[in-house]
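**Q** Note that the protein sequences, when read in sequence, are chains A and B.
Positions 14 to 398 (my numbering) are the ones given, in order, by the first sequence.
Positions 1417 to 1704 (my numbering) are the ones given, in order, by the second sequence.
This is the structure, below, for whatever I ask next.
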Amino acid sequence: MPKIKREEQKKDVRERHVPSAGRTVFAYPYVVFAIVFILAPLLLIVLYSITLPKSPVSISLGEKYAVSDVVEKLDFIGYTEEAFPGEAGSYSYTENTVSVVNFRENRFEGYVVTFNDGVVYDIVELNEDGSVFDEDLASVKVLNRENGFVLTLNHFKNFFSSTVYIEVFLRSIYIAFISTVVCLLIGYPTAYILANMQSKYRDFLSVLFVLPMWMNFLLRTYAWRNLLEKSGVINSLLSAIGLPEQNLMYTQSAVILCMVYNFLPFMILPIYNTLSKLDKSMLEASHDLGANHYQTLIKVVLPNSVPGIVSGITMTFVPSITAFAVSKIMGGTESMMIGEIIEREFKYDYWFGSAISVIIMVLLLISMVFLSKYDKEGTAGGGLL
Amino acid sequence: MQFLYAAIVLVPLLIAALISFNNPKRKSTKIARAFYLAVVFIFTYVPIVVLIIFSFNSARSTGVWEGFSLKWYKELFNDSQLMSALYTTVIVAFVSAIVSTVFGTFASIGIFYMRPKVKNVIMQITNLPVLNADIITGVSLVLFFNLVSIPLGYVTLLLSHICFSIPYVILSVMPKLKQMDNNLYEAALDLGSTPMTALRKVIIPEISPGIVSGFLLALTMSIDDFVISFFTAGPVLSNLSIEIYAATKRGVTPEFNAISAIMFVVVLTILIIINVRKPNESKVKKSA
């Protein structure tokens, strides 16, 4: 152990002594780029997930409000309660009225809203001296006292208190997990056989197996639709040999099948890379010591291919948990995944969408910390290269 | 019934997998291995082959063969929307790949000579887009573009593609820098070359295989991407992926089979080029 440590130190010193000769300058533009376009957006998403914009309170004639609701909203956007409103940014209320006063850009704004059984009955705009400026306003928008955000954990609370979201979240984990396991079960033997092939075509053949990886992701998904559709190839074959037609599309199995198809190359490639670099003399040693091929597989080959497996699992699990196109194209309503919800939320509610993204990020972080225990070389992601 | 079909396919496959781990000299192992590879090969290529076959189908159906025709290729080239989407995909792929290769190569050289601690931090940041889920990279970029009020369109699409391509370039150039003999550069300086000349004549040629594979990786990543483009392209602009996604909702025509067939042939050609290139490299290394 101490020996290894000393060696590491030596290596460290050697690396440090590479003369830089000002060449680090080349990295500065990239460092700026990375901070702006990689780090800042991720921090932004965390920021969005714990904030809420202060939106204006709007009140319209004939609508139903409780006075307490209006007061709460005014509090929220930065107004303070006073006995008689007069100061900028103050309000007062009785059982049936709410009065608000503010100065915006040096212009006086004052309103009195009267309620009748909770229904807005009258909205009056006032002049600075208290006289009536406009007697019959249809609606009023009380603007923010100060622009900005409030910190809140409500998005997370909303997410975890909704059974629908939790169900979708758990289903995404389930589908991603099953897809990853199936990919591993199919991919490991494939990579093993390819890596142990005694042929000069070995490299070419292994490229053939991962070739679809370089095709467009959506085209791959679309290709399966051709096969599985009601009037698709599989059903026409089935009916040609006299078997009943199957309902293959819009099922959870279709989603999993398509995920496996899409991500299988990402599993095969890193495992193949580690297996083909495996020291063959280790296998010989194992055989010489009397182990049979299965014992060698379990005691020597598998433990030594863990970095490849970890890399493959990361590259399958991470994209499949958030893939929203596959479940949207191949799946029905019962196979909705978390990615679809993020996509939908980002059409109108950035804040809640960000919160879901942060939840996913935390999940990924946990699984990566867990996986990195087995991946000492940190090859995840690098498996593609 | 579906489970039965799944079992019919999967059980022999599992048995074959188990046998194929046995002694490779046995005949049964050889047969099992060939069988296993054949099944996975069929699984991998049947959808693509079907896609290509039906791109020549004269009928609109994607399940029933009704005769050979090039009709869908003709329609594809006349479909201005699809062609402009294809054009966007190709332009964005090439521009982002070129920019990120140049940018990424210089960045790797710079990062390589940094102090280990700083280097480590920067590499961690570089790894983020590779390890993170695409959808999160996509939406975070949308939030960012929104904040600095860049309207979503060509610029944002390009920037986001550069953003997720650069890490791949750096990750493929870095190992080549590590393999490089640093004395070469020192020797060049001792022999009187300026640092810039040494960089151009010594370092760049040494790491060029990494640069080329980084470029190809960036290119394919860009063509393959759907999720990030979907968010950062905005409502008006669309590339091929977005077009296919939209089409799967409103119903697809065999035009898409035609475009898939073309893309498959293009990708196959690129990969064959890469593979013809690779053996030459190892030959050079062996002789050196």
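C-beta atoms are modelled at their ideal positions from N, C-alpha and C, and glycine is treated no differently.
Predicted model only: the values in this text are computed from it and were never measured.
Please report the straight-line C-alpha distance between B:P1651 and B:L1568, rounded to a whole angstrom.
**A** Counting from one through the second sequence, the residue named residue 1651 of chain B turns up at place 235. Counting from one through the second sequence, the residue named residue 1568 of chain B turns up at place 152. Between B:P1651 and B:L1568, the C-alpha separation is close to 8 angstroms.
**Q** Out of A:T264, A:I247 and A:Y263, point me to the one whose CA is closest to A:L256's CA.
**A** Locating residue 256 of chain A in the first sequence gives position 243, counting from the first residue. When each option's Cα is compared against that of A:L256, the closest is A:I247.
**Q** Taking 7 angstroms as the cut-off, does the CB of B:N1494 come closer than this to any heavy atom belonging to the ligand PLP?
**A** Annotation note on the ligand PLP: not contained in the displayed structure, which lists no ligands.
**Q** So, helix, strand or coil for A:Y134, using DSSP?
**A** Position 121 of the first sequence, counted from the start, is the residue given in the question as residue 134 of chain A. In this structure, A:Y134 counts as strand in the three-state DSSP scheme.
**Q** Excluding five sequence neighbours on each side, which residues of the same chain lie with their C-beta closer than 7 angstroms to the C-beta of B:E1491?
**A** Reading the second sequence from its first residue, position 75 is the one you call residue 1491 of chain B. Contacts found: E1671.
**Q** According to DSSP, A:E94 sits in a beta bridge with which residue or residues?
**A** Looking up residue 94 of chain A in the first sequence gives position 81. Note: A:E94 sits in a beta bridge opposite A:Y104.
**Q** List, in chain order, every chain A residue whose beta-carbon is nearer than 7 angstroms to that of B:Y1661.
**A** The residue labelled residue 1661 of chain B in the question sits at position 245 within the second sequence. Ordered by position in chain A, the residues that pass the 7 angstroms Cβ test against B:Y1661 are L231 and A338.
**Q** Does B:F1419 pass the burial test, meaning 16 or more other C-beta atoms within 10 Å, or should it be called exposed?
**A** One-based indexing of the second sequence puts residue 1419 of chain B at position 3. Exposed.
**Q** Identify which residue in A:G35, A:V133, A:Y285 and A:L232 has its Cα closest to the Cα of A:E76.
**A** Position 63 of the first sequence, counting from 1, holds the residue named residue 76 of chain A. Ranking A:G35, A:V133, A:Y285 and A:L232 by Cα distance to A:E76 puts A:V133 first.
**Q** What in chain B is Cβ-close to A:Y41, meaning under 8 angstroms?
**A** The count along the first sequence starts at 1 and reaches residue 41 of chain A at position 28. In chain order: G1526.
**Q** With burial defined as no fewer than 16 other Cβ atoms inside 10 Å of the residue's Cβ, what is the status of A:N286: buried or exposed?
**A** Against the first sequence, residue 286 of chain A aligns to sequence position 273. Burial call: buried.
**Q** How many Å lie between A:A368 and A:L57 at the Cα?
**A** In the first sequence, counting from the first residue as 1, residue 368 of chain A sits at position 355. In the first sequence, counting from the first residue as 1, residue 57 of chain A sits at position 44. If I take the Cα positions, the gap works out to 11 angstroms.
**Q** Closest Cβ-Cβ distance between A:Y387 and chain B: below 8 angstroms?
**A** In the first sequence, counting from the first residue as 1, residue 387 of chain A sits at position 374. No - not a single Cβ of chain B is within 8 angstroms of the one on A:Y387.
**Q** Name, in chain order, the residues that DSSP records as bridge partners for A:D147.
**A** Counted from its first residue, the first sequence places residue 147 of chain A at position 134. Answer by DSSP bridge pairing, in chain order: A:E138.
**Q** What separation, rounded to the nearest whole angstrom, lies between the Cα atoms of A:K23 and B:M1539?
**A** Position 10 of the first sequence, counting from 1, holds the residue named residue 23 of chain A. Position 123 of the second sequence, counting from 1, holds the residue named residue 1539 of chain B. Unreliable positioning characterises A:K23 in this predicted model, as indicated by a pLDDT of 49, which lies under 50. A coordinate reading is not provided.
**Q** Under a Cβ-count criterion, where at least 16 other Cβ atoms within 10 Å of its own Cβ denotes burial, should B:I1431 be classed as buried or exposed?
**A** In the second sequence, counting from the first residue as 1, residue 1431 of chain B sits at position 15. Answer is exposed; the Cβ neighbour count stays below 16.
**Q** Using a Cβ cut-off of 9 angstroms, pull out every chain A residue sitting near B:T1572, in sequence order please.
**A** Along the second sequence, one-based indexing puts residue 1572 of chain B at 156. Per Cβ cutoff of 9 angstroms: no residues; B:T1572 is ~11 angstroms from chain A at best.
**Q** Residues in its own chain within less than 8 angstroms of A:L291 by CB, not counting five upstream and five downstream?
**A** One-based indexing of the first sequence puts residue 291 of chain A at position 278. Counting only Cβ-Cβ distances below 8 angstroms, and skipping sequence neighbours, we find A208, V314, N317 and S318.
**Q** From what residue to what residue does the beta strand (DSSP E) around A:T127 run?
**A** Along the first sequence, read from residue 1 onward, the residue named residue 127 of chain A stands at position 114. In the DSSP assignment, A:T127 falls within the beta strand (DSSP E) that extends over R120 to N129.
**Q** Does chain A have any CB closer than 8 angstroms to the CB of B:K1701?
**A** Walking along the second sequence from the start, residue 1701 of chain B turns up at place 285. Residue confidence is low: B:K1701 scores 38 on pLDDT, short of 50, so the model does not pin down where it sits. Its coordinate-derived value is still stated next. It does not: the Cβ of B:K1701 has no partner Cβ on chain A nearer than 8 angstroms.
**Q** Buried or exposed for B:D1641, going by 16 or more other Cβ atoms inside 10 Å?
**A** To locate residue 1641 of chain B, count along the second sequence from 1; it is residue 225. Buried.
**Q** At least one CB of chain B closer than 8 angstroms to the CB of A:R238: is that the case?
**A** Counting from 1 along the first sequence, the entry for residue 238 of chain A is found at position 225. For A:R238, the answer is yes, since a Cβ of chain B falls inside 8 angstroms of its Cβ.
**Q** Taking a cut of 7 angstroms between CB atoms, which residues from the stretch 1432-1447 of chain B lie near chain A?
**A** A1433, S1436, F1437, N1438, N1439 and P1440
**Q** Three or more C-beta pairs under 8 angstroms: does that hold for the stretch 1551-1569 of chain B against the stretch 43-55 of chain A?
**A** Yes: at least three Cβ pairs fall under 8 angstroms.
**Q** Can you find the residues in the same chain that come closer than 7 angstroms, C-beta to C-beta, to A:H400, ignoring five residues on each side of it along the sequence?
**A** Outside the displayed range of chain A (14 to 398) lies residue 400 of chain A, so it cannot be described from this structure.
**Q** Does A:E353 pass the burial test, meaning 16 or more other C-beta atoms within 10 Å, or should it be called exposed?
**A** For the purposes of this step, residue 353 of chain A is taken as the residue at position 340 of the first sequence. When all chains shown are included, A:E353 counts as buried.
**Q** Could you pull out every unbroken alpha helix (DSSP H) segment of at least 4 residues lying fully inside the stretch 239-275 of chain A, listed in chain order?
**A** 246-253
**Q** Excluding the 5 residues flanking B:F1484 on each side, which residues of the same chain have their C-beta closer than 6 angstroms to its C-beta?
**A** Sequence index remark: in the second sequence, residue 1484 of chain B carries index 68 (1-based). Excluding sequence neighbours, B:F1484 sits near F1472.
**Q** Taking C-alpha atoms, which residue in A:F217, A:K386, A:V331 and A:K360 lies nearest to A:V375?
**A** In the first sequence, the residue the question calls residue 375 of chain A occupies position 362. With distances taken between Cα atoms, A:V375 lies closest to A:V331.
**Q** What would DSSP say about A:N209, mapped onto helix, strand or coil?
**A** As a working mapping, residue 209 of chain A is identified with position 196 in the first sequence. Coil.
**Q** My output table needs one value for A:L156: the three-state DSSP class, helix, strand or coil.
**A** On the first sequence, position 143 is the one that residue 156 of chain A refers to. Coil at A:L156, not helix or strand.
**Q** How would you label B:M1499, buried or exposed, when you count the other beta carbons within 10 angstroms and need 16 or more for buried?
**A** Numbered from 1 along the second sequence, position 83 holds the residue referred to as residue 1499 of chain B. Classification of B:M1499: exposed, given that the 10 Å Cβ count is below 16.
**Q** How close, in whole Å, do the beta carbons of B:L1573 and B:V1508 come, if the pair is a contact with beta carbons under 8 angstroms?
**A** Position 157 of the second sequence, counted from the start, is the residue given in the question as residue 1573 of chain B. Position 92 of the second sequence, counted from the start, is the residue given in the question as residue 1508 of chain B. Between B:V1508 and B:L1573 the Cβ distance is about 6 angstroms, and since that is below 8 angstroms, they are a contact.
**Q** Work out the CA separation of A:S174 and B:L1632 for me, nearest whole Å.
**A** Counting from one through the second sequence, the residue named residue 1632 of chain B turns up at place 216. Counting from one through the first sequence, the residue named residue 174 of chain A turns up at place 161. Distance between the alpha carbons of B:L1632 and A:S174: 46 angstroms.
**Q** Quick test of your reading: B:A1448 and B:S1436, contact by CB under 8 angstroms. State the CB separation rounded to the nearest angstrom.
**A** Here residue 1448 of chain B corresponds to residue number 32 of the second sequence, with the count starting at 1. Here residue 1436 of chain B corresponds to residue number 20 of the second sequence, with the count starting at 1. With a Cβ gap of about 4 angstroms, B:A1448 and B:S1436 count as contacting.
**Q** If you compare alpha carbons, which of A:D130, A:V125 and A:Y201 is closest to A:S152?
**A** For the purposes of this step, residue 152 of chain A is taken as the residue at position 139 of the first sequence. Considering only A:D130, A:V125 and A:Y201, the residue with the shortest C-alpha distance to A:S152 is A:V125.
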